[in-house]
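Chemist: Residue numbers (this note's numbering), protein chains in the order written: chain A, 1 to 378; chain D, 379 to 711; chain X, 712 to 1003. All residues carry an ideal CB built from backbone N, CA and C; glycine is no exception. Okay, here's the structure, questions in a sec.
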Amino acid sequence: MKNSVLAAAFAALSVVSPALAQEKIKLINVVELSGAGATAGTNWKNGIDLAVADINAKGGILGRQIEIIHYDTQTNPGNTRAAVQRAIDEGTYAVLGPVFSGPIGASMQIAQRAEIAQIVGGEAAGLTKQGNPYIFRTSLSQSAAMPKIATYLQNGVKAKTVAVVWVNNDFGKGGRDSILPELEKRGIKVVADVSTEQGQADFAADAIKVKNANADAVFVYLNEEESARFLTAAKQQGINKPMVGETTLLGAKVIQLAGAAAEGVKGHVGLSIDAPVPAFQEFGKKFQQRFNAISDHNGLKGYMAVHMVKWATEKQKKFDKKGLADTLRGARITPKDEPGIMIETKIETNGDIDRESFLAEVVAGKQVIKETLPMINP
Amino acid sequence: MIHSSLLSRLDGVFLTLILGALVLWFVPAGMGRYGTYVLSLWLVTAVAVMGLNLTLGVAGLKSLAQAAFMGIGAYATALLTTKGGMGWLPAFAISGLLTFAIGLLLGFPALRVKAHYLAFVTLAFSTLVWLVLRNEQWLTGGVFGLSNIPRPTLFGLKLDGHLAFHRFVVVATVLLALALWWLIRSPWGRAFLALRENPVRAASLGINIRAYTLLAFAIGSAYAGFAGALYAPLVEFIDPSPFALSASFFLLLMVVAGGSGYQLGPFVGALLGVVLPEWLRFTGGLYLILFAAIVVALLIACPQGMLGLFERFWNAIRRRPMGRNLPLREEQP
Amino acid sequence: MAEFIAYLIAGLATGAIYALAAIGFTLVWQTSQTINFAQGEFVMLPAILILAMVGFLGAPFWLATVLGIALFVLLFGWGFKIVIVDPMIRHGVLPLAIATMALAIIMKEGAKDGFSAEAQNFPSFLPVQTISLGGVSISLQHIAIILVACAAIGGLQWFVTRTKTGRQMQAAAQNPNVALVLGIPVARMVMLTFLINAGLAALASVLISPIYLAKFSNGEVIGLFAFIAAIVGGFNQVRGALAGGLIVGVIDSLAAAYISTSYRLAVPLVLLVIIILVKPEGLFGRKEERRV
Chain A
1 MKNSVLAAAF AALSVVSPAL AQEKIKLINV VELSGAGATA GTNWKNGIDL AVADINAKGG
61 ILGRQIEIIH YDTQTNPGNT RAAVQRAIDE GTYAVLGPVF SGPIGASMQI AQRAEIAQIV
121 GGEAAGLTKQ GNPYIFRTSL SQSAAMPKIA TYLQNGVKAK TVAVVWVNND FGKGGRDSIL
181 PELEKRGIKV VADVSTEQGQ ADFAADAIKV KNANADAVFV YLNEEESARF LTAAKQQGIN
241 KPMVGETTLL GAKVIQLAGA AAEGVKGHVG LSIDAPVPAF QEFGKKFQQR FNAISDHNGL
301 KGYMAVHMVK WATEKQKKFD KKGLADTLRG ARITPKDEPG IMIETKIETN GDIDRESFLA
361 EVVAGKQVIK ETLPMINP
Chain D
379 MIHSSLLSRL DGVFLTLILG ALVLWFVPAG MGRYGTYVLS LWLVTAVAVM GLNLTLGVAG
439 LKSLAQAAFM GIGAYATALL TTKGGMGWLP AFAISGLLTF AIGLLLGFPA LRVKAHYLAF
499 VTLAFSTLVW LVLRNEQWLT GGVFGLSNIP RPTLFGLKLD GHLAFHRFVV VATVLLALAL
559 WWLIRSPWGR AFLALRENPV RAASLGINIR AYTLLAFAIG SAYAGFAGAL YAPLVEFIDP
619 SPFALSASFF LLLMVVAGGS GYQLGPFVGA LLGVVLPEWL RFTGGLYLIL FAAIVVALLI
679 ACPQGMLGLF ERFWNAIRRR PMGRNLPLRE EQP
Chain X
712 MAEFIAYLIA GLATGAIYAL AAIGFTLVWQ TSQTINFAQG EFVMLPAILI LAMVGFLGAP
772 FWLATVLGIA LFVLLFGWGF KIVIVDPMIR HGVLPLAIAT MALAIIMKEG AKDGFSAEAQ
832 NFPSFLPVQT ISLGGVSISL QHIAIILVAC AAIGGLQWFV TRTKTGRQMQ AAAQNPNVAL
892 VLGIPVARMV MLTFLINAGL AALASVLISP IYLAKFSNGE VIGLFAFIAA IVGGFNQVRG
952 ALAGGLIVGV IDSLAAAYIS TSYRLAVPLV LLVIIILVKP EGLFGRKEER RV
């Protein structure tokens, strides 16, 4: 008896579900939801969830709803590879993520082999230099951002000497390796080169070291919490030199965590919910409302990634995996065509991104934009 | 008595290995790339766990550096086959020899003090290896890792495709498992067992305890090196993170959860550690908690691990006190 | 010199926290001869529980602190002993140690999924001002952490050596069979050590979270350093854990200053290896008499 009811239920399901399944378009996000990258990965995932909800509420892509699946990589390259392979085997339309550059490096050949677009959150310079036509960034690469910072240190801060504090992972090391030659080119001397650990809790010794170097400015290139811990430790040690950073250091999360210690911090900002772009600020509010957390740049990147897929699909007017990558390559997406992209974005043929960015400063606990920097190759 | 029952038990292991290899040779044909990859990853991990099972389950030494040894093997193979232009087979042999030698060098001073302290020395060693892998960018690629590690070509066969490479991993794993099976049946292996079961008696029988313990540790480490040599071409990319201290802990977890001292324990343990979390993904964000809770529950129910549990059921079904069907361990007093 | 003193004070403050966590290793070691690999997570979690009390119950901070610590001691003092330690202790060291590794995953992932993946501010009970003495900036917070931690450890040492209950606890840990014969309630004494362990971890959590921020992943670093501290100081002595913690904290700070920031982690580890080879029972530990 029980069995026959079950069988009937299954039969009913099987009549309904293929129709549903056919209508949905499957997107799989492979990202760091545990391990060292969990914070960045969770923001990226939330940004994606928000984008999918927005798009689905407005009728989906070409009339089809998006089905989003998230796979955790544990911030481990081997697992990332397995998850990307699984995503492709399960027929994902495009691979979203991951955010950390090491896992991206481990998995990007798989998407390339399958000729599927992989839209990632990584910023390390090397990713787009390998001639892989299927990889796409969602933010400026370090080799694009660091010259801007170096120029700012030279002209804006007027520093002759700089102390560089960086986190020793692929993100921080990549940034450090990109900025050192830029500083040298501009005649700025690096008087302290301080490597810190990912997840480091205690920054007192590093702050003392920076203090003793007595540089004109301090360039801080750490992830969010580490930035906040460093700023707090720097304040405790009485460092009063300008603190200059790139995107993360000026993020809302850092300001919230470091409080007064973040006051006066300045630098370059790529994506920020505080930028003078109404769409960014609106995104920030929606994100806060839904997740009860402040989005960092990774949340914005995730949101944009899904909209890159939407724009390209509507442009090619069909769900063709290879065509998606072909359409994205060399494209220029404006908020007029696709409001979800939020800011005019140019995709270079190697997958790099070019867009406007900002110089900002923290004033009275808020990120204040001082200047808008143009695209590098408009 | 002990001798004959030992033989018959080990034949069970032998048969299981051969049968398992046959199944694993054919099974992935319909599984897709992802399933095949996870199976290969399982076997490669099982090789590292086998080594640790020898160190821990047979010689009774706690090593917290198995993943570090695996890293040394993986980096050696990656560097030799990319920058060194060497074939995979010599690189594989060098990886094993290198980790064996480092095992000897590391174990010698540590075991001189007390077997107990090997855990602490290997903990320090594990982190030091990780630091070197991360910091010496000129050699190891640092945090950016090494990419484009080639898959081997053996005897004119190109093992590039996922299925070909998987079968290659199956063959390599079975050969390594059989080598260990043979080793444990050999007089050396019986010395290891004697050592574990009763060190005082072993010493009185003229077994050089320190030499044998050291040897077991070095061979166990070499198996990690072999696993690394398989891991590098499997993933085609390595960076320091899979070889960190937490990964060594995880390998230890697999030994114990599978059944420390059982010859097939490593396969079960690696199945738990590699395949179970992948399978649990359907539960969504909580899969790691579920995985850890299963491990805790398993150990509370049966501290001898999966195979201990299996054996308990088996004995209950048979309703007679018999020797264990797979094991090398002494009965609990 | 001023510079050296600044490094020293920062190192001592960090070391005091390592010491509080390291005592947990020694307490669990003494009573069950096993290693709690979740010790770092024991220091991470109380702060998260307290913030959760504020967030979910809307409790004022002081009340949330009391409730959070009470809940933590209940779950990870009493509950940890009953659910995990008791069933496994008879089966040797290893299964229990492995179970604590799995427990660490549960605590970490639980804090992340149940509360937040991001770091959170944690209010400080201690003064946060900085004073300047002869060119050295000294954080009052650091000084206060050192004092509170030393007082807590001193109090524990006094309790163990000078009070009747403390001595019974010590006896129960060192030789449970003899203690039983002498009429000491061994089971209750063992439970007491687990409660004290959880209490000290909660204290460390409240002291350090204002500086380190409350985050699910904080336990990894703290656990590793506390473990090193316990080995350096000696696994079987409370005062060894204190000394070990302070030494490791100071060495780490000085290594970052004068040796290399990218290899700073190596220095305490090299120290650890040297100590094991030269004085295996730890700097302040007792030699353990063991059967073969």
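(1) Any beta carbon of chain X sitting closer than 8 Å to that of A21(A)?
(2) Starting from the C-beta of E224(A), find all residues in its chain whose C-beta is less than 8 Å away, skip the five residues before and the five after it, and write them out in chain order.
(3) Could you name the residues that DSSP lists as bridge partners for S473(D)?
(4) Which residue from M812(X), V901(X), I856(X), I734(X) puts its Cα closest to that of V917(X)?
(5) Please determine, among F171(A), G267(A), N79(A), I116(A), the residue with the shortest C-alpha to C-alpha distance to R659(D).
(6) Where does A21(A) fall in DSSP's three states?
(7) If you draw a straight line from the C-alpha of S418(D) to the C-alpha of P406(D), how long is it?
(8) In this structure, does DSSP put I895(X) in helix, strand or coil?
(9) Please name the residue in F100(A), A51(A), G121(A), Y152(A) whose C-alpha comes closest to that of I339(A).
(10) Going by C-alpha to C-alpha distance, which of V653(D), S624(D), L664(D), L467(D) sits closest to T531(D)?
(11) What number of angstroms, rounded off, separates the C-alpha of S920(X) from the C-alpha of P834(X)?
(12) Under a CB-based cut-off of 8 Å, is N513(D) close to chain X?
(13) Quick check on DSSP: helix, strand or coil for Q840(X)?
(14) Within this structure, are the beta carbons of L33(A) and A305(A) separated by less than 8 Å?
(15) Measuring straight from C-alpha to C-alpha, what distance separates A21(A) and F319(A)?
(16) How would you call N377(A), buried or exposed, if buried means at least 16 neighbouring beta carbons within 10 angstroms?
(17) In the structure shown, what three-state DSSP assignment does L696(D) receive?
(18) Is it right to say I728(X) is buried, meaning 16 or more other beta carbons lie within 10 angstroms of its own, or is it exposed?
(19) Just confirm the distance between the C-beta atoms of I864(X) and A730(X), as a whole number of angstroms; I'd bet it's less than 8 Å.
(20) Kindly give me the distance between the Cβ atoms of P620(D) and N76(A), rounded to whole angstroms, as I take these residues to be in contact under 8 Å.
(21) Using a Cβ-based criterion (distance less than 7 Å to any ligand heavy atom), does A159(A) qualify as near the ligand NAP?
(22) Which two residues bound the contiguous alpha helix (DSSP H) that contains F533(D)?
(23) Within 8 Å, do at least three Cβ pairs link the region 261 to 268 of chain A to the region 359 to 378 of chain A?
(24) Buried or exposed: where does G463(D) fall if 16 or more other Cβ atoms within 10 Å of its Cβ makes it buried?
(25) Please return the same chain residues whose Cβ sits closer than 7 Å to the Cβ of Q73(A), not counting the five positions on each side in sequence.
(26) Kindly provide the ranges of any alpha helix (DSSP H) runs that are 4 or more residues long and lie completely inside the region 948 to 978 of chain X, ordered along the chain.
(27) Output needed in chain order: residues of the region 169 to 196 of chain A with a Cβ under 9 Å from some Cβ in chain X.
(28) Just mark K285(A) as buried or exposed, buried being the case when its beta carbon has 16 or more other beta carbons within 10 Å.
(29) Based on the DSSP secondary-structure assignment, which residues constitute the bridge partners of R545(D)?
(30) So which of V613(D), S441(D), P487(D) has the shortest CA-CA distance to P991(X)?
(31) Pick helix, strand or coil for K160(A), following the three-state DSSP scheme.
(32) At a CB-CB cut-off below 7 Å, which residues of chain X make contact with G663(D)?
(33) Considering only DSSP beta bridges, list what T196(A) is partnered with.
(34) Could you run through the region 69 to 89 of chain A and flag, in chain order, every residue whose CB is less than 7 Å away from some CB of chain D?
(35) If you follow the beta strand (DSSP E) that T345(A) is part of, which residue opens it and which one closes it?
(36) Would F533(D) be called buried (16 or more neighbouring beta carbons within 10 Å of its own) or exposed?
Modeler: Here's the rundown:
(1) Unreliable positioning characterises A21(A) in this predicted model, as indicated by a pLDDT of 47, which lies under 50. A coordinate reading is not provided.
(2) T39, T248, G251, K253, V254, L257, D296
(3) S473(D) is not bridged to any residue.
(4) I856(X)
(5) N79(A)
(6) Bear in mind that a pLDDT of 47 at A21(A), under 50, signals an unreliable position, so the number given afterwards is only what the model happens to contain. In this structure, A21(A) counts as helix in the three-state DSSP scheme.
(7) S418(D) and P406(D): Cα-Cα distance of roughly 10 Å.
(8) coil
(9) Residue identity check: residue 339(A) is Pro in the sequence provided, not Ile. Ranking F100(A), A51(A), G121(A), Y152(A) by Cα distance to P339(A) puts A51(A) first.
(10) L467(D)
(11) 8 Å
(12) yes
(13) coil
(14) no
(15) Per-residue confidence for A21(A) stands at a pLDDT of 47, beneath the threshold of 50, marking its modelled position as unreliable; the derived number appears in the next sentence. The C-alpha of F319(A) is placed about 15 Å away from the C-alpha of A21(A).
(16) exposed
(17) A quick correction: the sequence has Arg, not Leu, at residue 696(D). Residue state, collapsed to three classes: helix.
(18) buried
(19) 6 Å
(20) Confirmed, Cβ separation roughly 6 Å.
(21) This structure does not include the ligand NAP; it has no bound ligands of any sort.
(22) Run containing F533(D): none; DSSP gives neither H nor E here.
(23) Yes: the two stretches touch, three or more of their Cβ pairs being nearer than 8 Å.
(24) exposed
(25) Gln is not the amino acid found at residue 73(A); the sequence shown has Thr there. Correct list, in chain order: V30, V31, E32, N79, T80, A83, P98, P103.
(26) With a minimum length of 4 residues, the continuous alpha helix (DSSP H) runs that stay inside the region 948 to 978 of chain X are 949 to 969.
(27) D193, V194, S195, T196
(28) exposed
(29) Bridge pairing for R545(D): absent [DSSP].
(30) P487(D)
(31) coil
(32) D824
(33) V167(A)
(34) Y71, T75, N76, P77, G78, R81, A82, Q85, R86, D89
(35) Where T345(A) is concerned, the enclosing beta strand (DSSP E) starts and stops at 345 to 347.
(36) exposed
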